[in-house]
Structure formats: C-alpha cells, structure tokens
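A.B. asks: Terminal number for the sequence shown in our numbering: 724, no gaps in between. For every residue, glycine included, the Cβ atom is placed at its ideal position computed from N, Cα and C.
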Amino acid sequence: MNERTRVVGWAAVAVALAALAVPWFMWGADGVVAGLPVWVAYHVGWLCLVAVALWVFTRRAWGLGVEGVGRDG
Numbered sequence: 652m653n654e655r656t657r658v659v660g661w662a663a664v665a666v667a668l669a670a671l672a673v674p675w676f677m678w679g680a681d682g683v684v685a686g687l688p689v690w691v692a693y694h695v696g697w698l699c700l701v702a703v704a705l706w707v708f709t710r711r712a713w714g715l716g717v718e719g720v721g722r723d724g
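Structure follows, in structure tokens:
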C-alpha cells in the first residue's frame, strides 16, 4: 500500500472518530446500560475505540506523511 493511500485511510479514520464523538443520534434517550445513562456508556465505548485506534496509529503510521516535510533535499 502506498503512502498516499495510507494517509487517506488514516484521515478517514480520524474523521469517522470525530463524527462519532458527539452522539447526536442519542439526544433525548433515557435508557440505562450497566447502571449508567446510555450516553455515558456510549462515551465509554467510544473512548475505548479511540484509545485502540490511537495505539494502532502509533505502532503502524506514526510520522506518516511528514517524513519529508522541512528537509533540505
């Protein structure tokens, strides 16, 4: 997989995680999951997903797209 494809892929992951940060589809929900309001349980799950995504990013793509920036030659 070339670098441009990887950059676009990680950008898509970032946009998706940002879009899911605010659970607009749960506004007004009054359900309970594991003793917590459903929106709190959602955020716990979302934070776990973000933590895993960032861990994978640091292991596989850290510095992707910036290696050549600022070098003279």
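Using beta-carbon positions only, say whether residue 684 and residue 672 come within less than 8 Å of one another.
C.D. replies: The residue labelled residue 684 in the question sits at position 33 within the sequence shown. The residue labelled residue 672 in the question sits at position 21 within the sequence shown. Not a contact, by the Cβ cut-off of 8 Å.
A.B. asks: Which of the three DSSP states, helix, strand or coil, is assigned to residue 689?
C.D. replies: Counting from one through the sequence shown, the residue named residue 689 turns up at place 38. Of the three classes helix, strand and coil, the one that applies to residue 689 here is helix, per DSSP.
A.B. asks: Please name the residue in 675, 654, 715 whose C-alpha comes closest to that of residue 694.
C.D. replies: What you label residue 694 is simply residue 43 of the sequence shown in a count that begins at 1. The shortest Cα separation from residue 694 among 675, 654, 715 belongs to 675.
A.B. asks: With H, G and I counted as helix, E and B as strand and the rest as coil, what does DSSP make of residue 666?
C.D. replies: For the purposes of this step, residue 666 is identified with residue 15 of the sequence shown, where counting begins at 1. It is helical.
A.B. asks: Residue 678 to residue 662, Cα distance in whole Å?
C.D. replies: Locating residue 678 in the sequence shown gives position 27, counting from the first residue. Locating residue 662 in the sequence shown gives position 11, counting from the first residue. Cα to Cα, the separation comes out at about 27 Å.
A.B. asks: Please list, in chain order, all residues of the same chain as residue 658 whose beta carbon is under 7 Å from its beta carbon, the five residues on each side excluded.
C.D. replies: Position 7 of the sequence shown holds residue 658. The residues are 715, 716.
A.B. asks: List the residues that DSSP assigns as beta-bridge partners of residue 683.
C.D. replies: For the purposes of this step, residue 683 is taken as residue 32 along the sequence shown, with counting starting at 1. In the DSSP output, where bridge partners are listed per residue, residue 683 has 688.
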